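Notes for the one structure printed next.
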């Protein structure tokens, strides 16, 4: 008899032995689906393998639409995402990871060029949701809620959408045209965005607007301060305000030597921006070493490439008109410890990039909402605060902070808000087990290193805010997509079909995969050994 495709979700059911069984079959093969590690590690929950498969066949619009099921800003994410998916890519153990972010950027840009649109596929529910903040989390929530048939209205305190994507990420990393076009696509779906509208009383806004639920995603706009003896003697700015002023075309006047205090990605962006504004020296002062910095390593490397100096293991002790006295630190068990050794650094300005906190004071009159010491809002697994019908996400809730994580929060919040509005609590679907490299049967080797994205030269990039990293060509993007190993999921390579000595594997047609004829199958496991992506498992039984 011919079986249907099996779906094994319990790793205990998978038997990785391939011993032949003789005349009596004691094991049999079944087709399975497993979870690729790239999919598992994506903060927005993208089905990366699925859209890479479509891109391999040059079905670019179809691939883009798969992305849009989970992430409404692929052109943005292809540029600023820290691509944790690539950190887990199994191909790294063969040559190099698939450049997933670069293919996503290509698809996002192609969508903008071709004017591809997304329309809600369901009827309007009549439910209204207020969203506070037009950053990545708020935009994602509005997008997904609209796709579910709800009306979403965003109240944004600033004059433009994007939040810190617009005011915190410099244009050399995220060009404004692509950001604005992706936001405009969301707005054209029916999302209303009201600018220059700072929400001061959340309950009043909810009631007066007749909203059924609220999602608060205001990000982190307050720069952390530090007490430096003699600080009044120098010119001190905070990084967030500085980057906002630059974006608004109102860059403050700086001296030729500028110091930046901090070791996160904002510190790197600030230093690189300072160089573009004409400072001859931009120096970062950071109390830890490179291995323990908060910034991603590639961010630090790009800053160094552009002539930024980084003074590792240093902390400012005092300052005057001419510069700073810094103490040399040393690491003990990964923590910086003072050494009693001091140095003097000359600088005309100091920009503090020590992190940001959320300005959540306007929520403190809502009964039930709890806060952490840094002002971040406590939410449950459903993203709801202690206030009924009031949800929160993005940088203003505890946890890691990035554009992609904020987008994932927006999607998760939308699903839970939908459950709240419709009276059917959202339940995440069970996930398949993850397949690691050791589970793949790489009987063939294809050495094909990733396509390197081009970039402006280090010598010229500091002359403007032009985008530093180039996108892939259509040929390069397709090649890069074809490097995907399709970990854990059948891609119809015909390996099992061609290897079966009993001809017990039946092709069901393109896109339908295969089935087994167990009347002919002997359980020899050759199909299992030939499957390069571990889409076949052996289970006990005849």
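In this note's numbering, the protein residues as written are 565 to 1106.
Just so you know, even glycine gets a beta-carbon here, dropped at the ideal spot from N, CA and C.
Since the structure is predicted, the reported quantities are computational estimates derived from the model, not experimental observations.
- Task: Please determine, among 993, 998, 955 and 636, the residue with the shortest C-alpha to C-alpha distance to residue 981.
- Result: Among 993, 998, 955 and 636, the Cα nearest to that of residue 981 is on 955.
- With a 10 Å radius around its C-beta and 16 neighbouring C-beta atoms as the bar for buried, classify residue 666 as buried or exposed. Label assigned to residue 666: buried.
- Message: Please state whether the Cβ-Cβ distance between residue 674 and residue 715 is less than 8 angstroms.
- Response: Against a cut-off of 8 angstroms, the Cβ pair of residue 715 and residue 674 comes out as no contact.
- Task: For residue 802, write down the residues that DSSP places opposite it in a beta bridge.
- Result: DSSP output for residue 802 lists 916 as bridge partner(s).
- Enclosing beta strand (DSSP E) for residue 941 [first to last residue]: For residue 941, no beta strand (DSSP E) encloses it, and the DSSP letter there is neither H nor E.
- For residue 958 and residue 700, the rounded distance between their alpha carbons: If I take the Cα positions, the gap works out to 8 angstroms.
- Cutoff 6 angstroms; reference residue 1017; Cβ partners in own chain excluding five residues on either side: Taking residue 1017 as the centre and dropping the five residues before and after it, the same chain places the C-beta of 666, 1033 and 1034 closer than 6 angstroms to its C-beta, in chain order.
- May I have the straight-line CA-CA distance separating residue 840 from residue 638, to the nearest angstrom? So the two alpha carbons sit approximately 27 angstroms from each other.
- Query: Looking at C-alpha atoms only, which residue of 729, 804, 832 and 857 is the closest neighbour of residue 846?
  - Reply: Check the Cα spacing between residue 846 and each of 729, 804, 832 and 857: the tightest is with 832.
- Would you list, in sequence order, the uninterrupted alpha helix (DSSP H) runs of no fewer than 4 residues that lie entirely inside the segment 928–1016? Entirely contained in the segment 928–1016, the alpha helix (DSSP H) runs reaching 4 residues are, in chain order, 967–986.
- Query: Going by C-alpha distance, which of 621, 598 and 647 is nearest residue 967?
  - Reply: Comparing Cα-Cα distances from residue 967 to each of 621, 598 and 647, the minimum goes to 647.
- Message: I'd like to know whether the C-beta atoms of residue 508 and residue 784 end up nearer to each other than 8 angstroms.
- Response: The displayed coordinates of the chain run from 565 to 1106. Any statement about residue 508 would go beyond what the structure contains.
- Within its chain, find whatever has a CB closer than 6 angstroms to the CB of residue 826; leave out the 5 residues flanking it on each side and keep chain order. Cβ within range, chain order: 917 and 918.
- Message: Comparing C-alpha positions only, which one of 807, 769, 844 and 1091 sits nearest to residue 912?
- Response: Among 807, 769, 844 and 1091, the Cα nearest to that of residue 912 belongs to 844.
- Item | Euclidean distance between Cα positions of residue 1001 and residue 654 | When rounded, the distance between both Cα atoms is 5 angstroms.
- Task: For the segment 1032–1087, list the beta strand (DSSP E) runs that are entirely contained and at least 3 residues long, ordered along the chain.
- Result: You should have 1069–1071 and 1078–1080.
- Which value, in whole angstroms, describes the spacing of the CA atoms of residue 763 and residue 977? Taking the Cα positions, residue 763 is about 20 angstroms away from residue 977.
- Do you know how far the Cα of residue 617 is from the Cα of residue 1100? Rounded to whole angstroms, the gap between the alpha carbons of residue 1100 and residue 617 is 19 angstroms.
- Query: How far does the beta strand (DSSP E) with residue 845 in it reach, from first residue to last?
  - Reply: Its beta strand (DSSP E) spans residues 845–849.
- Would you give the residue range spanned by the alpha helix (DSSP H) that residue 766 belongs to? Counting along the chain, the unbroken alpha helix (DSSP H) around residue 766 starts and ends at 766–772.
- What beta strand (DSSP E) runs, 3 residues minimum, are completely inside the segment 845–911? Qualifying beta strand (DSSP E) stretches, in chain order: 845–849, 873–875, 878–883, 887–896 and 899–910.
- Query: Should residue 603 go down as buried or exposed, given a rule of 16 or more other Cβ atoms within 10 Å for buried?
  - Reply: Result: buried.
- Closest residue to residue 706 among 755, 728 and 681 (Cα-Cα distance): Proximity to residue 706 across 755, 728 and 681 peaks at 755, based on C-alpha coordinates.
- With a 10 Å radius around its C-beta and 16 neighbouring C-beta atoms as the bar for buried, classify residue 1092 as buried or exposed. With a 10 Å radius around the Cβ and a threshold of 16 neighbouring Cβ atoms, residue 1092 comes out buried.
- Query: For residue 898, which of 878, 1011 and 853 has the nearest alpha-carbon?
  - Reply: Cα-wise, what sits closest to residue 898 is 853.
- Below 8 angstroms CB to CB, which residues in the same chain sit around residue 1058 once its five sequence neighbours on both sides are set aside? Cβ within range, chain order: 1071.
- Is it the case that the Cβ atoms of residue 609 and residue 950 are separated by a distance below 8 angstroms? No. Outside cutoff.
- Message: Could you compute how far the alpha carbon of residue 680 sits from the alpha carbon of residue 672?
- Response: Approximately 10 angstroms, taken between the alpha carbons.
- Item | Start and end residues, alpha helix (DSSP H) containing residue 1109 | Residue 1109 is absent from the structure shown; the chain starts at 565 and stops at 1106.
- Given a cut-off of 8 angstroms, decide if residue 910 and residue 890 are closer than it, judged by their beta-carbon atoms. The answer is no: Cβ separation not under 8 angstroms.
- Task: State the beta-bridge partners of residue 644 as determined by DSSP.
- Result: Note: residue 644 sits in no beta bridge, so no partner.
- Item | Extent of the continuous alpha helix (DSSP H) run through residue 825 | From DSSP, residue 825 is part of no alpha helix (DSSP H) but of the beta strand (DSSP E) over 821–825.
- Query: For residue 1047 versus residue 1014, is the C-beta distance shorter than 8 angstroms?
  - Reply: Residue 1014 sits close to residue 1047, with the two beta carbons spaced by under 8 angstroms.
- Query: Hey, quick one: how far does the beta strand (DSSP E) through residue 627 stretch, first residue to last?
  - Reply: Taken as a continuous stretch (DSSP letters only), residue 627 belongs to no beta strand (DSSP E), being part of the alpha helix (DSSP H) at 624–632.
- Task: Would you kindly check if the distance between the Cβ of residue 696 and the Cβ of residue 776 is under 8 angstroms?
- Result: Residue 696 is positioned such that its CB atom lies no closer than 8 angstroms to that of residue 776.
- Item | Cβ neighbour criterion (16 or more within 10 Å) applied to residue 683 | Classification for residue 683: exposed.
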